[in-house]
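Working notes, beginning with the structure itself.
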Amino acid sequence: MNTMKAALVQSFTEPLVIGDVPLPSPGPFQALVRVRYSGVCHTDLHAAHGDWPVRPTLPFVPGHEGVGTVIEIGDQVTRLKVGDTVGNAWLWSACGDCEYCQTSWETLCPDQVNGGYSVDGSFGTHMLVDSRYAPIIPAGVDVAAVGPILCAGVTVYKGLKMTDTQPGDWLLISGIGGLGHIAVEYARAMGRRVVAIDIDDAKLDLAVQHGAEVTVNAASVEDPAAEIIERTGGGVHGALVTAVNAHAFPQAVGSLRRGGTVSLVGLPPEKFPLDIFTTVLFGLTVRGSIVGTRRDMTEALDFFARGLIHPTYKLRHLDEINDIFTDMSAGDISGRIVLDLN
Ligand code: NAD
Ligand code: ZN
Ligand code: ZN
2 MNTMKAALVQ SFTEPLVIGD VPLPSPGPFQ ALVRVRYSGV CHTDLHAAHG DWPVRPTLPF
62 VPGHEGVGTV IEIGDQVTRL KVGDTVGNAW LWSACGDCEY CQTSWETLCP DQVNGGYSVD
122 GSFGTHMLVD SRYAPIIPAG VDVAAVGPIL CAGVTVYKGL KMTDTQPGDW LLISGIGGLG
182 HIAVEYARAM GRRVVAIDID DAKLDLAVQH GAEVTVNAAS VEDPAAEIIE RTGGGVHGAL
242 VTAVNAHAFP QAVGSLRRGG TVSLVGLPPE KFPLDIFTTV LFGLTVRGSI VGTRRDMTEA
302 LDFFARGLIH PTYKLRHLDE INDIFTDMSA GDISGRIVLD LN
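For the sequence shown, the numbering used here begins at 2 and goes up steadily by one.
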């Protein structure tokens, strides 16, 4: 039997186990990929801890920012061929036929399959992709740096679009981690003026390196929202919350200018209070935003391929995955970690 190496979640309370698992073979519409790199998203940590209401079935292989080379294709595959460079994604596949899929909202498909969650992901030497949904990596790009675009990039790009802001508007990015530092770059590339908020000065320095104009440390000012309102002359037009902390959410809503919109992207398993009176009288919009469609992915990759987006990342090895998760829990990662699976 052919095998591959992978990091497996076998329990929601124990470290991941690195071991050999059977090499899958591609079914209809699927391709087998030799993974070269995979970004590590905070969602992988939520998955490994079983943080959310619908938990993955154990055991499973996390990872949804994988990039690699197609080595085998299944029946009926027309969009990919052996040798192509492709990725996996959170939106691994969808039904293609429900009201959401029919209206280009496949990210809301109730029957979607999620990479590294309901199907094994990219924390291994090999992975399966659905040829109809797998992102095709543009020719000539840096294949290590492109990993973080496949979840962090597309998610913040879509979330930014959903703020309904215009070029020249102020945009708040809350949480300057893997998603947030890339969000600063997309926001700048889309002509927004960026305010960054985090609880760690090193993260705020990273935000400035990526183009933030104003920074606020939420842990060291008494009223972060009031500070943002003052420094932007009345509040931000839009906000994108990527922080993994429930306190960041009402702060972002409180930083909005009248008529403003906040896109919620971070997924701490908590609730936050929403002030009804201000939301109504100021005409605020609070909305969730989940990854991006195939079209959003193509657009997000195009920004990257044109040299407009430069993720900060560090290469590490699959064997270090438990240390990486410890660092992520402690907030000790600058930018993204990318696993080198070559
Ligand atoms: P990360 O760990 O790299 O970054 C989180 C950041 O939040 C860190 O910089 C941390 O310092 C900051 N933070 C913590 N508390 C804060 C506070 N009170 N105020 C401001 N900032 C604070 O995580 P990531 O990989 O960027 O993921 C972020 C979140 O987004 C996770 O919950 C993840 O599951 C979620 N996510 C959602 C989608 C989606 O489609 N909606 C996609 C990918 C990830
Ligand atoms: Zn992710
Ligand atoms: Zn569907």
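Ideal Cβ placement from N, Cα and C applies to all residues, glycine included.
Just so we're clear, the structure is a prediction, and the values are computed from it rather than from any experiment.
Closest by CA to residue i, which one among the options?
i      : options                        : result
Gly181 : Pro312, Arg288, Lys162         : Pro312
Ala301 : Val263, Leu161, Asp341         : Leu161
Leu340 : Ser330, Lys315, Gly234, Glu100 : Lys315
His211 : Val287, Arg189, Ile200         : Arg189
Leu33  : Met5, Leu17, Leu59             : Met5
Ser335 : Gly235, Val87, Ile177, Gly141  : Ile177
Asp76  : Pro29, Val10, Val68, Phe326    : Pro29
Val120 : Arg37, Thr58, Glu66, Met2      : Thr58
Leu265 : Thr280, Phe283, Ser290, Leu257 : Ser290
Glu15  : Phe326, Ala331, Arg337, Ile338 : Phe326
Arg307 : Arg258, Pro139, Lys272         : Pro139
Asn323 : Pro25, Arg37, Leu24, Asp45     : Asp45
Gly267 : His43, Arg37, Val22            : His43
To the nearest whole angstrom, what separates the beta carbons of residue i and residue j, a pair I think is in contact under 8 Å?
i      : j      : result
Asp131 : Trp106 : Incorrect: roughly 18 Å between the Cβ atoms, too far for contact.
Asp165 : Gly255 : Not really, about 19 Å apart at Cβ, beyond 8 Å.
Tyr81  : Ala49  : Here residue 81 turns out to be Leu, not Tyr, going by the sequence shown. With 8 Å as the limit, Leu81 and Ala49 do not qualify as a contact, their Cβ atoms being about 29 Å apart.
Arg37  : Val144 : 6 Å
Can you check whether the CB of residue j is closer than 7 Å to the CB of residue i?
i      : j      : result
Gly148 : Ile183 : no
Pro27  : Leu109 : no
Val196 : Val215 : yes
Ser39  : Gly64  : yes
Arg35  : Thr79  : no
Leu9   : Pro54  : no
Gly234 : Arg258 : no
For residue i, which residues from the same chain have a beta carbon less than 7 Å from its beta carbon, with the 5 sequence-adjacent residues on both sides left out?
i      : result
Pro269 : Val245, Asn246, Ala247
Pro274 : Pro251
Ile200 : Asn218, Ala219, Ala220
Asp297 : Val155, Tyr158, Lys159
Gly332 : Asp201
Ile230 : Gly236, Ser256
Starting from the C-beta of residue i, find all residues in its chain whose C-beta is less than 6 Å away, skip the five residues before and the five after it, and write them out in chain order.
i      : result
Ser1   : Any question about residue 1 goes unanswered here, given that the chain covers just 2 to 343.
Val157 : Leu180, Ile183, Ala184, Tyr187
Ala1   : This structure leaves residue 1 out entirely; the chain is present only between 2 and 343.
Gly116 : His65, Asn89, Ala90, Trp91, Trp93, Gly122
Looking only at its own chain, which residues have a Cβ that is under 8 Å from the Cβ of residue i, when we skip the five neighbours before and after it?
i      : result
Val292 : Ala90, Trp91, Leu92, Thr108, Cys152, Val155, Thr156, Lys159
His318 : Leu340, Asp341
Val222 : Glu228
Val83  : Val71, Ile72, Glu73, Ile74
Strictly under 7 Å for the Cβ-Cβ distance: is residue i near chain B by that measure?
i     : result
Glu73 : Absent here is chain B; the protein component of the structure consists of one chain.
*Which residues count as close to ligand 2 when the rule is a CB under 6 Å from any of its heavy atoms, in chain order?*
Cys42, Thr44, His65, Trp91, Cys152
*Closer than 7 Å is what we want: which residues have a beta carbon that near any heavy atom of ligand 3? List them in chain order.*
Ala95, Cys96, Gly97, Asp98, Cys99, Tyr101, Cys102, Glu107, Cys110, Pro111, Asp112, Gln113
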